[in-house]
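Single-structure report; data block below.
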Amino acid sequence: MALVGGALLGVVLPASAAVPGPGQIVPVSLEDAAGTAFLQQGRDPAVSADGRYVAFVSDDNPSNTDQIFLRDLQTGAMSIISHAADGTLGNKFSEQPEVSRDGRFVTYTSFATNLAAGVDTHSVKQVYRYDVTSNSSTMVSVDDAATPSGALTGVTDRVAMSDDGNLIAFVSNSSLVTGDVVTASQVWVRDMQSEQTTLVSHTSTVTNGGDGASGGPAMSPNGAYIAWHSLATDLDGANAGAQQIYISSGAGTVTMVSRQPDGTTPGELASRDPDVADDGAVSFLSFAQKLVTPSLTSGREQAYFNSADAITTLISHADGKPTVDVSGAAFEASISGDGQTVLFTSEATNVTADGGNGVRQLYSWSRSTNASRLLSVTTAGTLPTRAPEQIELASDGVTAVFQSQADDLVASPDSDETTQAFAVSTLASVPPTPTPDPSNGGSNGSTAGSGGAGAKLASTGADVSGAGLAGALGAVLLAGGAGTALLLRRRGERDASRG
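All residue numbers in the sequence shown are consecutive under this note's numbering, ending with 505.
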């Protein structure tokens with residue numbers, strides 16, 4: 007990243023980027039005002055509910071260590087938020103960001119030891135929440151006495167946050183509640199207002215964690231539900247056998263999601279990486295072949311949707327064939343807040359009539375039509391040869407973010423096949439409104455013209471909730487002065503030895 011005036015502290019970072027309009031993909035991890043250059047890399051993006059704010063990870067900063075960047079796609083302003091109170095950047099790498107609805111809060115994990123003053127990190131990864139208004143980070147992975155997670159591994163896996171930024175779910179194998187019995191990694195939730203930490207992945211005895219490792223937490227935007235995957239055999243009465251998907255409501259009852267159509271039998275093979283909507287509907291990935299009727303036969307991992315009334319639907323099905331799984335595996339899935347849209351990736355060539363090229367592509371599935379639409383299209387209208395990864399759908403279902411090494415997703419700048427963050431609209435492009443032809447008396451007889459069907463609507467940057475935070479969101483760049491058997495995606499996670 008180029009320095010402005012020889013320093014970064016207190017310097018306005020040039021604004022660039024934009025909210026994607028229908029049919030558009032826009033670059034996010036840019037470094038200059040004109041949008042002519044990417045950062046050295048941008049990965050692991052996360053997006054606010056309305057698609058305006060995107061957090062991502064990059065080592066393109068004076069520390070040469072992965073830090074958390076926050077960009078306002080509406081104004082273009084960008085800041086680094088993984089810093090100490092005096093503006094000093096984190097002294098070890100940070101990753102796995104999530105963003106609140108209005109962009110005020112960003113939660114993330116970090117090995118840094120200097121982010122929260124006076125707190126012992128035990129030199130392991132911890133969870134933090136950054137507040138734009140106070141320009142500071144608070145440790146989240148603590149017990150009710152504010153004692154940090156002291157496990158040898160600290161926190162693991164991704165974190166999840168409610169849209170208002172108050173509830174944060176994370177994974178730790180520390181016992182964070184007095185009297186709780188913990189023998190493996192568990193899912194916990196921290197209430198930032200009440201300053202209470204609660205065990206989520208518990209047995210029918212609420213003080214006992216499951217007997218196997220849990221991970222991959224996801225939280226509904228309204229904070230009412232938390233979903234996760236687990237190897238435990240004692241969370242919901244039945245001996246699960248394989249890793250399963252579970253959900254817990256505010257009442258604290260734990261329910262298995264990944265069951266076969268009889269509503270009782272657990273999936274026969276591993277399931278992972280759930281995401282959850284406001285009504286408790288869940289998207290997830292599974293190798294299980296018996297979750298739907300008729301059973302699948304390919305043995306490939308596919309994407310599924312489980313409605314609030316516990317009916318499971320195959321998402322990654324062949325075009326026009328809702329009971330036939332596609333010709334390749336699915337890799338990731340993310341659900342909208344209303345449960346009507348699921349974003350997923352697949353290497354199959356028959357998800358849509360557009361076909362595929364054998365490389366993982368990005369799709370949007372509609373619950374109302376039970377059909378998918380291709381989103382990863384280059385500026386030339388072709389399929390990229392580098393896969394989209396680390397996908398996340400905004401809870402409004404309109405904007406999605408991902409990382410990719412493809413250098414042809416946008417006309418400029420050229421990424422040189424480095425990993426960069428992008429935003430894409432899930433809305434289809436539409437032709438422009440025909441302009442009346444004065445030569446025929448003003449009748450609306452003119453058409454969109456050749457190529458009109460591919461025209462894209464430009465974003466107007468409509469006002470959103472929390473727009474008043476735009477100024478605080480970082481016109482200034484701040485710097486200066488276990489379960490190894492778990493089938494985890496570990497969103498953006500890296501080895502602790504790197505720092």
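Using N, Cα and C, we set each Cβ at its ideal position, and we do this for glycine too.
Are there 16 or more other CB atoms within 10 angstroms of the CB of residue i, so buried, or fewer, so exposed?
i, result
"Gln249", "buried"
"Val470", "Any reading at Val470 is ruled out, since the residue's pLDDT is 31, under 50, leaving its predicted position unreliable."
"Ala24", "buried"
"Gly269", "exposed"
"Thr385", "exposed"
"Asn363", "exposed"
"Glu338", "buried"
"Glu398", "buried"
"Ala151", "exposed"
"Leu479", "With a pLDDT of 40 at Leu479, under the threshold of 50, the modelled position of that residue is not reliable, and no figure is offered here."
"Glu423", "exposed"
"Pro375", "For the record, residue 375 in the displayed sequence is Thr; it is not Pro. With fewer than 16 Cβ atoms within 10 Å of its Cβ, Thr375 is classed as exposed."
"Asp402", "buried"
"Ser510", "Here the chain covers residues 7 to 505 and nothing more, so residue 510 does not appear."
"Asn179", "buried"
"Ala175", "buried"
"Gln367", "buried"
"Gly472", "Only weak support is given to the placement of Gly472: the predicted model assigns it a pLDDT of 37, under 50, and the value that follows is read from those uncertain coordinates. Result: buried."
"Pro328", "exposed"
"Ala233", "buried"
"Ile86", "buried"
"Glu201", "exposed"
"Asp242", "buried"
"Ala224", "buried"
"Thr259", "exposed"
"Ile253", "buried"
"Thr211", "exposed"
"Asp126", "exposed"
For residue i, collect the residues of the same chain with a Cβ closer than 6 Å to its Cβ; drop the 5 residues on either side in sequence, then sort them by chain order.
i, result
"Ser299", "The question names Ser, yet the displayed sequence has Thr at residue 299. Around Thr299: Pro267."
"Glu395", "Gln409"
"Ser255", "Tyr231"
"Gln346", "Arg373"
"Gly361", "Thr355"
Among residues of its own chain, excluding the 5 on either side of residue i, which ones have a beta-carbon nearer than 7 Å to its beta-carbon?
i, result
"Met7", "Note on Met7: pLDDT 44, under 50, position unreliable in the model; the coordinate value appears next. For Met7, where only same-chain residues beyond five positions count, the Cβ hits under 7 Å are Glu37, Leu45, Asp66, Asn67."
"Pro26", "Val32, Thr405, Ala429, Val430, Ser431, Ser465"
"Val330", "His323, Ala324"
"Ser301", "Gln295"
"Ser304", "Asp331"
"Asp285", "Ala314, Gly345"
Just reading off the beta strand (DSSP E) that residue i is part of, what are its end residues?
i, result
"Thr81", "Looking at the DSSP string, Thr81 is not in any beta strand (DSSP E), and its letter there is neither H nor E."
"Gln409", "405 to 410"
"Gln47", "Careful: Gln47 lies outside any beta strand (DSSP E) and carries neither H nor E."
"Ser418", "Here Ser418 belongs to no beta strand (DSSP E), and DSSP marks it neither H nor E."
"His235", "231 to 236"
"Ser340", "336 to 341"
"Val6", "No statement about residue 6 is possible, as the shown extent of the chain runs from 7 to 505 and does not include it."
"Met262", "260 to 262"
"Phe4", "This structure cannot speak to residue 4, because the chain is shown only from 7 to 505."
"Lys327", "327 to 331"
"Glu104", "100 to 105"
"Arg135", "132 to 137"
"Asp279", "277 to 282"
"Ile317", "Neither: Ile317 is in no beta strand (DSSP E) and is coded neither H nor E."
"Thr203", "202 to 205"
"Asn363", "Element bounds for Asn363: n/a, residue is neither H nor E."
"Met225", "220 to 225"
"Leu576", "One cannot answer for residue 576 here, as it falls past the ends of the chain, which runs 7 to 505."
Starting from the C-beta of residue i, find all residues in its chain whose C-beta is less than 8 Å away, skip the five residues before and the five after it, and write them out in chain order.
i, result
"Thr213", "Val183, Gly185, Asp186, Val187, Leu205"
"Ser418", "Gly41, Thr42"
"Leu291", "Ser277, Arg278, Asp279, Glu307, Gln308, Ala309, Tyr310, Ala336, Phe337, Glu338, Ala339"
My guess is that residue i and residue j are in contact by the Cβ rule of under 8 Å, so how many angstroms apart are they, rounded?
i, j, result
"Ala287", "Ser313", "5 Å"
"Asp197", "Val177", "So it is not a contact: roughly 17 Å between Cβ atoms."
"Ile341", "Asp281", "4 Å"
"Ala427", "Pro51", "4 Å"
"Phe117", "Phe99", "6 Å"
"Arg58", "Gly109", "6 Å"
"Asn356", "Ser333", "5 Å"
"Pro227", "Ala55", "6 Å"
"Gly273", "Leu237", "The Cβ separation is near 13 Å, so there is no contact."
"Thr388", "Val365", "Contact doesn't hold; Cβ gap of about 11 Å is too wide."
"Ser378", "Ser370", "7 Å"
- Spell out a yes or no on whether the segment 304 to 321 and the segment 188 to 197 are touching, meaning 3 or more CB-CB pairs, one atom from each, closer than 8 Å. The segment 304 to 321, when compared against the segment 188 to 197, does not touch it at the 8 Å Cβ threshold.
- Query: Just checking, does the segment 130 to 138 make contact with the segment 168 to 182 on the three C-beta pairs under 8 Å criterion?
  - Reply: Yes, they touch.
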